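Single-structure report; data block below.
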Amino acid sequence: MSFYIGNIEVKNKIILAPMAGVSNSPFRILARKYGAGLVYAEMVSDKGLLHSNEKTLKLLYMTDVEKPMAQQIFGSDKDTMVEAALYIDKHSNCDIIDINMGCPVPKVAIKAQAGASLLKDPDKIYDIVSEIVKHVTKPVTIKIRAGWDDNSKNAVEVAQKAEAAGAKAIAVHGRTRSQGYSGFADLEIIKAVKEAVKIPVIGNGDVTDGPSAKRMLEYTGCDAVMIGRGALGNPWVFREIDAYLKDGTMVDKPSNEEIKEMMILHLDALIELKGEKIACLEMRGHGPWYLKGIAHAKELRYKLSRTQTRDEFVEHINEFFK
Ligand SMILES: Cc1cc2nc3c(=O)[nH]c(=O)nc-3n(C[C@H](O)[C@H](O)[C@H](O)COP(=O)(O)O)c2cc1C
């Protein structure tokens, strides 16, 4: 089941996606604990790193239990991206440096000409990747989308350029930038990328359970699956996929008791990292994800959206799940 990204062994085929505001250290610990073989940290801006922006530097926080871990950077200028990669290479204990070439949000892809915008210029991708590879010791990977839009689905060309430039793996989200999150991930393009390069290809898009993971792996031939939205409020997804891929076992969904305990565990881990106030604010996002599909949780969701302290949070949850 294992594969290598450069010299880094990934012990299974199940990977946590980078998600801004979500894939921080506490969540990555949960993902690893429940069976992710590799976790990606959310993107950090090259310029933020170079200007020693306090918020950006805090995003680099990680612990040894998360390893192997990939730290993602984004930017559009080769020189500052090399500087940022060098900074990560020296100062972060992560195992892999990933470059974001798929982010569709206007602030990144249009205003900053970073993220998915890079897909419009495969030669620039070659330059950025080869220059970073020359300067750092950790393996360098890229994460891309199928292309900028339907008329420019160039993931295969981009993947070949990145491989030639020395990238050690490529994650492909099978949607274009213009698709955003609509429609479905195109497995054909992931398959075409896998057939076009020798380095590991990580299939991404719409994997939410064992059967969808198996389909991605079998249809595209990719080396591993990457899970984003399917892990929101659901760190158990990694254990479910792991069991299903091993022998088709369908693991029971978590009980309400397990969900309650996980929500408190997640809150406590966030408190340790960010303090009670910010942790409670962040749990306003995670809470509804954990409660998805649970009947009569509307009032609890409302209460959690106003909760400011751990005590209140635990009281609301205990009352609901009693
Ligand atoms: C809340 C959120 C934040 C995201 N942040 C990032 C990011 O920082 N870097 C990145 O490459 N992709 C980011 N993505 C995209 C995911 O990594 C992934 O490619 C996408 O969600 C498709 O996979 P999925 O269908 O499993 O969700 C983000 C997605 C979500 C939902």
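Letter 148 of the sequence shown, counting from 1, is numbered 148 in my numbering, and no numbers are missing.
Note that CB positions come from ideal geometry on N, CA and C, so glycine has one too.
Remember, it's a predicted structure, so these values are computed and weren't measured experimentally.
The beta carbon of residue 20 sits closer than 8 angstroms to those of 42 and 43, all from its chain and outside the five residues before and after it, given in chain order. Three or more Cβ pairs drawn from the region 173–181 and the region 202–217 lie within less than 8 angstroms of each other, which places the two stretches in contact.
With distances taken between CA atoms, residue 208 lies nearest to 234 out of 194, 192, 195 and 234.
When the beta-carbon positions are compared, residue 89 and residue 137 come within less than 8 angstroms of each other. A straight-line Cα-Cα distance of about 10 angstroms links residue 167 and residue 160. A distance below 7 angstroms between beta-carbons, with the five flanking residues on each side excluded, links residue 16 to the following residues of its chain, in chain order: 23, 28, 31, 36, 39, 40, 227 and 231.
Relative to the non-hydrogen atoms of ligand 1, the Cβ of residue 17 comes within a distance shorter than 7 angstroms of at least one. Here residue 165 is near residue 133, since their CB atoms are less than 8 angstroms apart.
Shown here, residue 177 sits in coil according to DSSP, grouped into three states, outside any helix or strand. Contact between the region 266–280 and the region 68–78 is absent, with fewer than three C-beta pairs closer than 8 angstroms.
Rounded to the nearest whole angstrom, the CA to CA distance from residue 251 to residue 293 is 17 angstroms. With 16 or more other CB atoms across the displayed protein chains lying within 10 angstroms of its CB, residue 240 is buried. Taking the Cα of residue 192 as reference, the smallest distance to any Cα among 320, 147, 178 and 249 is reached at 147. Note: residue 226 is bridge-paired with 15 and 204 in the DSSP secondary-structure output. Counted as a single uninterrupted DSSP element, the stretch harbouring residue 44 is not any alpha helix (DSSP H) but the beta strand (DSSP E) occupying residues 38–45.
Cβ atoms of residue 263 and residue 244 stay farther apart than 8 angstroms, at about 25 angstroms. Residue pairing by DSSP places residue 100 opposite 143 in a beta bridge.
Bridge pairing for residue 172: 144 and 203 [DSSP]. Shown here for residue 126: same chain residues with a beta carbon closer than 8 angstroms to its own, the five before and five after excluded, namely 161, 162, 164 and 165 in chain order. Residue 309 is classed as exposed because its beta carbon has fewer than 16 other beta carbons within 10 Å across all chains shown. In the pairwise beta carbon analysis, the region 147–156 is classified as not touching the region 90–97: fewer than three pairs are separated by under 8 angstroms. Across the set 34, 76, 81 and 25, the C-alpha of 81 shows the shortest separation from the C-alpha of residue 50.
Cβ-Cβ distances below 8 angstroms link residue 98 to 18, 40, 70, 71, 72, 73, 140, 141, 142, 143 and 171 in the same chain, with the five nearest sequence neighbours on each side left out; the list follows chain order. In this structure, DSSP gives residue 237 a helical state, which the three-state scheme calls helix. With a minimum length of 4 residues, the unbroken runs of alpha helix (DSSP H) contained wholly in the region 60–113 fall at 78–91. Assignment of residue 219 by DSSP, reduced to helix, strand and coil, places it in the helix class.
The C-beta separation of residue 224 from residue 14 comes to about 7 angstroms, placing the pair in contact by the 8 angstroms criterion. In this structure residue 75 is not in contact with residue 111, their Cβ atoms being roughly 13 angstroms apart against a cut-off of 8 angstroms. Between the alpha carbons of residue 267 and residue 135 lies a gap of roughly 38 angstroms. Residues 163, 167, 168, 169 and 170 of the same chain have their beta carbon placed closer than 7 angstroms to that of residue 199, with the five preceding and five following residues left out of the count.
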